[in-house]
Amino acid sequence: MSGPDLVIRGGMVFDGTGAPARVADVAIQNGRIVAVGADLPAGREEIDASGLMVTPGWVDIHTHYDGQITWDSRMTPSSTLGATTVVAGNCGVGFAPVRKGDEDTLIRLMEGVEDIPGAALHEGLSWEWESFDEYMGAVEKLPHDIDVAVQLPHGALRVYVMGERGANREPATAEENARMRELTREAIQAGALGFSTTRTMVHRTADGDLTPTVGAARAEMEAIAQGLADAGSGVLQWVSDFQDMEGEFALIRDLTRIAGQPLSFSMVQADVIPDQWRELTRRLNEAVDDGLPIKAQVAGRPVGLMLGLQGSAHPFISRPSFEPLLDKPLADKVAIMRDPEFRARLIAEAPSKGHPFINSLAGAYHKMYAVENDHVDYEPDPSTSLGAKAKALGVHPDELIYDALIADEGRAFLFFPMHNYVEGNLDNVRAMLANPNTLSGLSDGGAHVGAICDVSLPTFMLTYWCRDRTRGPRFGLAETIRGQTKDTAEAVGLHDRGVLAPGYLADINVIDFERLRIKAPYMVYDLPTNARRLMQDAVGYVATIKSGEIIYREGQPTGALPGKLIRGRQAAPQALAAE
Ligand SMILES: [Zn+2]
21 MSGPDLVIRG GMVFDGTGAP ARVADVAIQN GRIVAVGADL PAGREEIDAS GLMVTPGWVD
81 IHTHYDGQIT WDSRMTPSST LGATTVVAGN CGVGFAPVRK GDEDTLIRLM EGVEDIPGAA
141 LHEGLSWEWE SFDEYMGAVE KLPHDIDVAV QLPHGALRVY VMGERGANRE PATAEENARM
201 RELTREAIQA GALGFSTTRT MVHRTADGDL TPTVGAARAE MEAIAQGLAD AGSGVLQWVS
261 DFQDMEGEFA LIRDLTRIAG QPLSFSMVQA DVIPDQWREL TRRLNEAVDD GLPIKAQVAG
321 RPVGLMLGLQ GSAHPFISRP SFEPLLDKPL ADKVAIMRDP EFRARLIAEA PSKGHPFINS
381 LAGAYHKMYA VENDHVDYEP DPSTSLGAKA KALGVHPDEL IYDALIADEG RAFLFFPMHN
441 YVEGNLDNVR AMLANPNTLS GLSDGGAHVG AICDVSLPTF MLTYWCRDRT RGPRFGLAET
501 IRGQTKDTAE AVGLHDRGVL APGYLADINV IDFERLRIKA PYMVYDLPTN ARRLMQDAVG
561 YVATIKSGEI IYREGQPTGA LPGKLIRGRQ AAPQALAAE
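Each residue of the sequence shown is one higher than the one before, starting from 21 at the first, in the numbering used here.
Structure follows, in structure tokens:
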């Protein structure tokens, strides 16, 4: 019987271009869309999408699945939350190129910067590669549920070329710069989508040291940008504190000129420098006006810690009496914490020094919100913080926090909006998102697995920004969908996806928008060595389709693994390019 492989019939089609939705059928043949229109002929398989939304699959350009893509076929939680393409290798950390003997250095870097358990990485990574090309070969050997792409991480590159001197942040010699230039060209030519670096003091190795690339000299950065120019392709991804705003921004501008390729940097509103994002926005807009291909990656909600007994951070973790509990199973922790005497002692105790990060957040009671009813309020009213509630009740906030942590047999979490929440609302985030020079990013899928779970950001953009928000204006669906499909795909050179039109990859979500809802994160223990990671589910994804195959139905895997490693920039479909 002839006819297309699959027809998605009668859905409300948002085609990813920002055009208004229209009711249409979508026909798929050989992994690609062949027609979008009314009354298309019957397919060999059909999905009845009447009353449902049909969108391109999400293209998530900021993840850290560098390890997971080598040992796991499923890119969860991204793939169960509507992503059909994920880009790893961000923030300068990753696992290639690598020399024998340097494996541990790269693991400690990833463990420290991205909070991925080192033991799990040791167990999971096979290290059957040296060059970046060989690493991609190892990724390719495994079938995946969705497409994955990788970028060359500066940390690994620097350690590969300079050895211990690279790890110790010593300056590169002219020969070493030349070698980095050469290896960058090779990696891009082999199919890396770009190059990434971190220059922030916040990123630390598992030993607490600064990362290898912090303070890398201008000559080194220029050499790498020249490597991109030599390859004639590849994006630059950048994380910086921008403490030297003038110098860093001048460098960014120069590197995009030298590389002749686009650059994106991470932008959040930090509590200690609440107006920096305004200055960054001003400079960003100016650079774009000057014709430079620069964008800021922004998060659509607070970058939020999930504090809990199962996670890597909670307010009591630095109290001396908690130390004997650290390695105990959760049930034992909860049993001990239910003892009123222990409770009184822990609450009365001063935290021990040497945990500056935990101790700084432990006092920020105004930013702690209990997660209840399987739902995180990502724009919580400050009057509902545990600090505010304690004040109203006339008790110490630690008492409420303590009880909240042992709720649900110790599986409860507190939501702690770390960035983007200085004013207690998301109005600034809205301004960032509304700027055409920003990109939806920073989901950090695969990373911070013990403390942050922002991988549901693309789903949140729909549920919250297009439907549920009552504390201020919302966004339209068509533009929001474009912002995480066509826009993100094009930003990293993937012109073959993110749009529902003939010739494009059939990467598609069928969504019941009325039912679409993100559940609260929970902890699972399924990384290698049974290490923990935060997981998050949503309801309302009726089907997720990758290259024409249904990979998830209602969040459940079908077993299909059509995803591939993307090697390099992808051209737009011929038919449309000719228009
Ligand atoms: Zn990152």
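Cβ coordinates follow ideal geometry from the N, Cα and C atoms, glycine included.
A Cβ-Cβ separation of about 7 Å places V27 in contact with A62 under the 8 Å criterion. Unbroken beta strand (DSSP E) runs of no fewer than 3 residues, entirely contained in the stretch 41 to 118, are found at 42 to 49, 52 to 57, 65 to 68, 73 to 76, 78 to 80 and 103 to 107, following chain order.
In this structure, A526 and I53 form a Cβ contact; the two beta carbons are roughly 5 Å apart against a cut-off of 8 Å. Residue range P376 to A382 is occupied by the alpha helix (DSSP H) that includes N379.
Using a cutoff of 8 Å, the CB of H174 does not count as near ligand 1, since none of the ligand's heavy atoms is closer than that. Going by DSSP, L256 is part of the beta strand (DSSP E) stretching over V255 to S260. The beta carbon of D229 sits no closer than 8 Å to any heavy atom of ligand 1.
In this structure V415 is exposed. Its beta-carbon is surrounded by fewer than 16 other beta-carbon atoms within 10 angstroms. Scanning V544, G518 and I531 for the CA closest to the CA of V106 turns up G518.
Note on geometry: alpha-carbon atoms of L327 and Y180 lie some 36 Å from one another. The count of Cβ pairs closer than 8 Å, one atom from the stretch 545 to 557 and one from the stretch 86 to 106, reaches three, so the stretches are in contact. Burial is judged here by how many other beta carbons sit within 10 angstroms of a residue's own beta carbon; E399 has at least 16 and is buried.
Beyond the five residues adjoining it in sequence on each side, R189 comes within less than 7 Å, by CB distance, of L230, P232, V234 and G235 in the same chain, given in chain order.
When secondary structure is reduced to three states using DSSP, N197 falls in the helix class.
Here V562 is not near R552, since their CB atoms are 9 Å or more apart. Within the chosen limit of 8 Å, ligand 1 reaches the beta carbon of N110 through at least one heavy atom. Per DSSP, reduced to three states, the secondary structure at L406 is helical. Spatial neighbours of H439 in its own chain (CB-CB distance under 7 Å, excluding positions within 5 residues in sequence) are listed in chain order as V288, Q289, A290, P322 and V323. When secondary structure is reduced to three states using DSSP, S146 falls in the coil class, being assigned neither helix nor strand. No heavy atom of ligand 1 is found nearer than 8 Å to the CB of A319.
Under the DSSP definition of a beta bridge, L329 lacks any partner. Look at I528 here: in three-state DSSP terms it is strand. A563: member of the beta strand (DSSP E) spanning Y561 to K566, first to last residue.
Taken atom to atom, the span from the alpha-carbon of Q246 to that of A239 is near 10 Å.
Contact between G87 and L129 does not hold, since the beta-carbon distance rounds to 12 Å and is not under 8 Å.
In this structure, the straight-line span from the alpha carbon of N455 to that of P371 is close to 42 Å. D122 is the residue among D122, T193, S284 and P349 whose C-alpha sits nearest the C-alpha of E184. For W485, same chain residues with a beta-carbon under 7 Å away, outside a window of 5 residues either side, are G320, R494, F495 and T500 in chain order.
A contact between stretches requires three or more CB pairs, one per stretch, nearer than 8 Å, and the stretch 43 to 59 fails this requirement with the stretch 108 to 115.
Just measuring C-alpha positions, the residue of V469, V475 and V354 sitting nearest E429 is V354. Between V469 and A198, the alpha-carbon positions lie close to 36 Å from each other. For I367, DSSP records no beta bridge to any residue. Its Cα nearest to that of G214, the residue H82 stands out among H82, M73, A382 and E419.
Annotated three-state conformation of S341 is helix, per DSSP. In this structure, A44 sits near G30, with a CB-CB distance shorter than 9 Å.
Within the model, the alpha-carbon separation for D135 versus E65 is close to 43 Å.
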